[in-house]
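See below for the structure under consideration.
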Amino acid sequence: MHPVFLSFFQRSLVALALLSGSQIAPASAADDVRLSGAEKNGFGRLVFSWPDTGLPEDPTVPDARLPGYETLVSAGVLVVAFERPLEIDIDDLLRRMPRYLALVRMDGDDRTLRMAMKADFKIHARKAGHELYIDLLAPGWAGDPPPLPADVVARIAEEERELQARAAQFAELGPQALEIVEDLPRVALRVGEQPSFTRLAFDWDRPVLYSTAFRDNRITITFDQIADLPLAALRVDPPAYVKSARAEKSGGRLTVFVETEPGVKVRDFREDLSVVLDVAPARPEDARPIASTAPTPLLPVPSRAPTERIEEPESQRAAAAQEAAAAETAGEEAPALASAPPEQMVPSIPTAEQTAAEPTIVAEAEDSLLEDSSKSDGAEALTSTYPNPTEIDQAALPVTSDLTERSIRLTFPWVEPTKAAIFQRDNRVWMVFDRETDFNLSDLGPVVRERLGDPEIVELDGASALRFAPPERVLITAGERDNRWIVTLGDMIVEPTRPVGITRAWSATGEPQVLFDVESVGSIHWVRDPVVYDTIAIVTAKGPPQGLLAPRNFVEFEALSTAQGLAFVSRADDLYVSETPRGVTVSRGSGLTLSAADGPDYSGSAPTASRVGDPSAPGRMDFERWRYSPGRNFIERKQFHQRTVALAEEDDVAEARIKYAKFLLSYRLGTEAYTMLQGAVLASETLENDPGFRALRGVAQIMMARPEEAIADLAFPALDGDPHSSLWRGVAYAELTQWADARLAFEQAEKAFEIYGPDLQALFRMKAAEASLATGDLGSVEFNLDRIPAGADNGRWVEQAALTRARLFEAFGRADEALEIYDQLLTSDQRAILARARFAHANLRHELGAMSDEELTNELHALRLVWRGDDLELAVLERLGSLLIAKGEVAEGLEIWRMAVGTFPETERARRVASAMTETFTDLYLDGGADDMDPVDALSIYYEFRELTPIGRRGDALIRNLADRMVEVDLLDKAATLLRHQVDNRLRGTAQAQVAAKLALIELMNRQPNAALRAIRSTKQVRLPKDLTHKRRLLEARALTDLGLYDHALDLLSETEGEGVADLVANIHWESQQWAVAATNFETALGERWRDPLPLTEDERFQVLRAAISFSLDDNAIGLERMRAKFGDFMSASPDAAAFAVVTDPIQTNGVAFRDLARSVASIDTLDSFVQSMEGSFSEPLDGAGAAIN
311 MHPVFLSFFQ
321 RSLVALALLS
331 GSQIAPASAA
341 DDVRLSGAEK
351 NGFGRLVFSW
361 PDTGLPEDPT
371 VPDARLPGYE
381 TLVSAGVLVV
391 AFERPLEIDI
401 DDLLRRMPRY
411 LALVRMDGDD
421 RTLRMAMKAD
431 FKIHARKAGH
441 ELYIDLLAPG
451 WAGDPPPLPA
461 DVVARIAEEE
471 RELQARAAQF
481 AELGPQALEI
491 VEDLPRVALR
501 VGEQPSFTRL
511 AFDWDRPVLY
521 STAFRDNRIT
531 ITFDQIADLP
541 LAALRVDPPA
551 YVKSARAEKS
561 GGRLTVFVET
571 EPGVKVRDFR
581 EDLSVVLDVA
591 PARPEDARPI
601 ASTAPTPLLP
611 VPSRAPTERI
621 EEPESQRAAA
631 AQEAAAAETA
641 GEEAPALASA
651 PPEQMVPSIP
661 TAEQTAAEPT
671 IVAEAEDSLL
681 EDSSKSDGAE
691 ALTSTYPNPT
701 EIDQAALPVT
711 SDLTERSIRL
721 TFPWVEPTKA
731 AIFQRDNRVW
741 MVFDRETDFN
751 LSDLGPVVRE
761 RLGDPEIVEL
771 DGASALRFAP
781 PERVLITAGE
791 RDNRWIVTLG
801 DMIVEPTRPV
811 GITRAWSATG
821 EPQVLFDVES
831 VGSIHWVRDP
841 VVYDTIAIVT
851 AKGPPQGLLA
861 PRNFVEFEAL
871 STAQGLAFVS
881 RADDLYVSET
891 PRGVTVSRGS
901 GLTLSAADGP
911 DYSGSAPTAS
921 RVGDPSAPGR
931 MDFERWRYSP
941 GRNFIERKQF
951 HQRTVALAEE
961 DDVAEARIKY
971 AKFLLSYRLG
981 TEAYTMLQGA
991 VLASETLEND
1001 PGFRALRGVA
1011 QIMMARPEEA
1021 IADLAFPALD
1031 GDPHSSLWRG
1041 VAYAELTQWA
1051 DARLAFEQAE
1061 KAFEIYGPDL
1071 QALFRMKAAE
1081 ASLATGDLGS
1091 VEFNLDRIPA
1101 GADNGRWVEQ
1111 AALTRARLFE
1121 AFGRADEALE
1131 IYDQLLTSDQ
1141 RAILARARFA
1151 HANLRHELGA
1161 MSDEELTNEL
1171 HALRLVWRGD
1181 DLELAVLERL
1191 GSLLIAKGEV
1201 AEGLEIWRMA
1211 VGTFPETERA
1221 RRVASAMTET
1231 FTDLYLDGGA
1241 DDMDPVDALS
1251 IYYEFRELTP
1261 IGRRGDALIR
1271 NLADRMVEVD
1281 LLDKAATLLR
1291 HQVDNRLRGT
1301 AQAQVAAKLA
1311 LIELMNRQPN
1321 AALRAIRSTK
1331 QVRLPKDLTH
1341 KRRLLEARAL
1351 TDLGLYDHAL
1361 DLLSETEGEG
1371 VADLVANIHW
1381 ESQQWAVAAT
1391 NFETALGERW
1401 RDPLPLTEDE
1411 RFQVLRAAIS
1421 FSLDDNAIGL
1431 ERMRAKFGDF
1441 MSASPDAAAF
1451 AVVTDPIQTN
1461 GVAFRDLARS
1471 VASIDTLDSF
1481 VQSMEGSFSE
1491 PLDGAGAAIN
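Quick note: the sequence shown uses our numbering, first residue 311, plus one each step.
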């Protein structure tokens, strides 16, 4: 023997001896199999022949003549393992194959045949009906495996034809031909990840018994019933602390093996019909944050071709069972199901009374399970006895509890800073957090519930809340550590809380209110107490803890004692709780009722009758009288008041400054008067509550062009019935273009108009006329215009009245008369009158058709340069913007509107313009307004004005539409960026999963499979619509395929059925060069198309070519013949006739042409067809898809 062969032979004998040590008792009913061997030209062939019992009558039943098998080569030993035992004669095999085999042996289980080979032969195995052919190819073998004998090929072809005939007959019989399938149990797997644990929930549709064991980083859970359990997701994309999983069905039981990371502990329990496993780090400090995106996959490792793949034999898959048997022999206790008669196998679910009667038992059992699973070195059985009644959401916040003899500590581990309110009312503890989530309360065992009562969920918008009802009143301590809120409940305070102070305050309009100096206020939540049925205002705040240490009672509300934040019980229907820069104020529309007994706790005093102005008319401005002071002229009089202020005693300073302010107001020096009035407040704080003082300051601020601040003073409650204050309030409202409020204020002034001089009367009448015109009270316009005194400054008020009268004529439809007045005013030397006349004149002429759009646009451009700074400029910009947008110059129009809103942000008209901007922008991308635009222009407008994107679903739909436009022009990076922002920041729930699927599709189109995989895996949801789950599964598999991870992709699709799966599986097998499986898949996808006389489509011809190439590369002559028979006529009449002829000829006849064509077909990218099959799936949002985060 050659030395190389001798050395190899010796090593093989040793390996064979080592591999044959496992003995299993032989089974009965072994198959009678004939084994033959022969040495051919350059290869050796083994043929296993089972009895030919014929094809099954039912074509839907698999051909079971030949059992399943696996091959494995280890250290020169060829191992062939079969699913069923064999009765076989191996004595003659060595004599027939002396150059190939050194030793042959059958294991004691009669299922595993071991053959020591004399060289490192390549193995090629294939089925042929009731026979199995295994070829041992020489180490230097090149090219295709040797073909099957001709008679065998002919026999297989005949069986194929017979099987197709039976299938056609079976199809005609319809549903009647189907046998009744046993109603097997159904089980689904849900996976949830939290920073501190991973949860696996097995959802059964019926009660089952189960047992668990945890040993050597493997969880073994055995159910007493068989069901199909999809585990591909755990293998392809395992969650934290889990590495892989697989399932086995044997002896009427389903066993699931879950491989975990080292250093974890395991807990199991029931939840209704579900069995739940929690896998967590043994040490809490080892908990890891959940990554927002999936980790980048490893470098792609392409799958090997089938001829090179080494498969694990069944004997090795049964290793766990053998280890358990060995452990039992050694005296160890192996996990097993509880023994019970058949009628007792379904456990009864305990009633609520039973559960309540034995809380300690359940708690102790759960604690012992946790402890055992984390400490045991051996296989410890972890059997859940009772169901856990807690409702658990997979994505909920896990609330943990720590018990001591005197207290219970609850921890809320928020991942971001969260504001909170924690308090107690009527022995009920409230915990409110400014973040919406569900709570995972599974850690609150019976002992916690006994001390605190069962937790109740309180529904709040924009917040999450828990409520407990402990049997006895407890002391509450709130603490904040990083982002965690820790609430301790017991008989003592653990750490101090910053006390919130209370002071009396006054609103800008003079109502008394109460101020609480809480810091970093969060939100204010109004909730109805489900026990007392009254209303509580809950105010959350940021840590460190701050609360009201003792409750306080007021007439209209009660302030509860709190450990964190504030809580108020309302006793008045119009109670207001609001945030201010100084804290939180409580007030009501008519002011709070604060008793004098509360004085020591508050500062300030109540308003009194006016000491500054006339008590009967505190708002009257007697400018004529105030103007005259000692002195011959303005300078001397001003100096008189300055000396008086400078020389005044301390008690007289405030009065001296007020007199000086009145003098300044009489000369319309508002800024100087305001300064004196503020100085008077510094000298006497009680002036803030004097109605006469508030009226003076309000008028000063009108003269300073500060109408909003003026209204705050003139709306002081003590000025409500004062007609003089109403006049000035009307002027302030008119300056703000709040015409309805202005008109009401002037109506309340009654006869006060006549008290003032001609110029002030003219001011009041003009503003009243403008307010009436703006609100449609045309009769009052004429009334007020006619009452402008003749003694007023004629040059100013006559032209102002004429302009208003022209607008009145427009309202009456008397356009000619209006134009005549406008023409006269176009020569005015008052710039304000001239500008307003030009604007009104141009608009009216355009409305009458006497001015074109272009002319009006030019006029408005010129006018905006002539007049700046008030409501006229805003009106010009609004009209110009709308005109440009109507002409199709959208970007220019929106830019003009943006300028208008930015210049006058606080006016009502600017708010209307801002709303119009948003609607115009939205219509562009939602209602087809941008469809006719150049795509680049449409995208340019979006990026220039993207702040106008509406919130909520309309904004999300806009983004998706825009992303589609970007895809159309191949701006894939930009489209992905838009959708990625939505997925990461704006969406949650089903809507997030749907948009993430669309993002993944775009990433695939952009040749970014890693990013596509990240989009899918970072948005995993527990419960999604079936069609969306199916599409996401296809996208994930395609991304894995593009990364070259073919085995992972196939594993993922092995548990998926539905549209697109067969095509994708065929493509994976094609790209991974698994020719035999690819050929079968392509042929299956074509189905009965060969019976349809219509010509093949381009895609169908492509499938036919790929099927033929796969059959050729697999050296499957029968398959090639079948393709020629089915599709030869179709292809010969198509543009691909020559290509079909090449790929269906023998390779040795047309080798070069075949290889060139195969290379050409293989280069055709299948991604386009995949994208086309997926497009349109995400065009419309799903019903109930969830809301955006705004």
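Where is the CB? At the ideal position from N, CA and C, for every residue including glycine.
Check: Test item: CB-CB of L825 and G893 under 8 Å; Outcome: yes
Check: Contact the segment 1100-1119 vs the segment 952-970: 3+ CB pairs below 8 Å; Outcome: no
Check: Contact check, A391 vs Y410, beta carbons under 8 Å; Outcome: no
Check: Supposed contact pair T1085 and R1117 - C-beta distance, whole angstroms, cut 8 Å; Outcome: Their Cβ separation, rounded to whole angstroms, is 13 Å, which puts R1117 and T1085 out of contact at 8 Å.
Check: Per-residue burial, F944 [other beta carbons within 10 Å of its own, 16 or more giving buried]; Outcome: exposed
Check: Whole-Å CB distance - L1184 paired with A1220, under 8 Å assumed; Outcome: 6 Å
Check: Exposure of T532, with buried meaning 16 or more beta-carbon neighbours within 10 Å; Outcome: buried
Check: Segment limits, beta strand (DSSP E) that includes P578; Outcome: One detail in the question is off: residue 578 reads as Asp in this sequence, not Pro. Where D578 is concerned, the enclosing beta strand (DSSP E) stretches over 574-581.
Check: CB contact flag (S1312, A1285, <8 Å); Outcome: With the sequence shown as reference, residue 1312 is identified as Ile, and Ser is not the correct amino acid for it. In this structure, A1285 lies closer than 8 Å to I1312 by Cβ.
Check: Where I1428 sits in the DSSP three-state scheme; Outcome: helix
Check: A1376 beta carbon less than 8 Å from that of R1395; Outcome: In the sequence on display, residue 1395 carries Ala and not Arg. Cβ atoms of A1395 and A1376: closer than 8 Å.
Check: Beta-carbon contacts of E441 that lie in its chain and below 8 Å, excluding the five residues immediately before and after; Outcome: V357, F358, S359, W360, L376, V462
Check: Where M1013 sits in the DSSP three-state scheme; Outcome: helix
Check: C-alpha distance - E1092 paired with A1015, whole-angstrom precision; Outcome: 27 Å
Check: Straight-line gap, A1172 to F933 (C-alpha atoms, nearest Å); Outcome: 41 Å
Check: Buried or exposed (CB count within 10 angstroms, at least 16 for buried), F1122; Outcome: exposed
Check: Reduced DSSP secondary structure (H/G/I, E/B, other) of L388; Outcome: strand
Check: For R1416 and A523, the rounded distance between their alpha carbons; Outcome: 49 Å
Check: As assigned by DSSP and simplified to three states, the class of A537; Outcome: coil
Check: Of the listed residues Q1384, P1335, A467, F1437, nearest to D1357 (C-alpha basis); Outcome: Q1384
Check: Straight-line Cα distance separating G1203 from D1180; Outcome: 20 Å
Check: Own chain residues within Cβ distance below 8 Å of P1501, not counting five before or after; Outcome: Residue 1501 falls outside the range modelled here, since the chain spans only 311 to 1500, and no answer is possible.
Check: Spatial distance of S1382 from I796 (CA atoms); Outcome: 54 Å
Check: Residue(s) in a DSSP beta bridge with G259; Outcome: Any question about residue 259 goes unanswered here, given that the chain covers just 311 to 1500.
Check: 3 or more residues per run - each beta strand (DSSP E) lying fully within the segment 510-566; Outcome: 520-525, 528-533, 552-560
Check: heavy atom of the ligand SAM below 7 Å from D1337 C-beta; Outcome: This structure does not include the ligand SAM; it has no bound ligands of any sort.
Check: Runs of alpha helix (DSSP H) lying entirely within the segment 1014-1077, each at least 4 residues, in chain order; Outcome: 1017-1024, 1033-1045, 1049-1059
Check: Own chain, CB closer than 6 Å to T1454, minus 5 neighbours either side, in chain order; Outcome: A1418, L1430, R1434
Check: DSSP bridge partner residues for D342 (one or two, in chain order); Outcome: E397
Check: Whole-Å CB distance - A1005 paired with L1029, under 8 Å assumed; Outcome: 6 Å
Check: C-alpha distance - Y1132 paired with L1113, whole-angstrom precision; Outcome: 7 Å
Check: Euclidean distance between Cα positions of A1055 and A1022; Outcome: 14 Å
Check: D687 in three-state terms, based on DSSP; Outcome: Reliability fails at D687, whose pLDDT of 36 lies under 50, so the model's placement of it is uncertain and no value is given.
Check: Backbone secondary structure at S976 - three-state DSSP; Outcome: helix
Check: Euclidean distance between Cα positions of A1196 and R1263; Outcome: 27 Å
Check: Coil, strand or helix - G893 by DSSP; Outcome: strand
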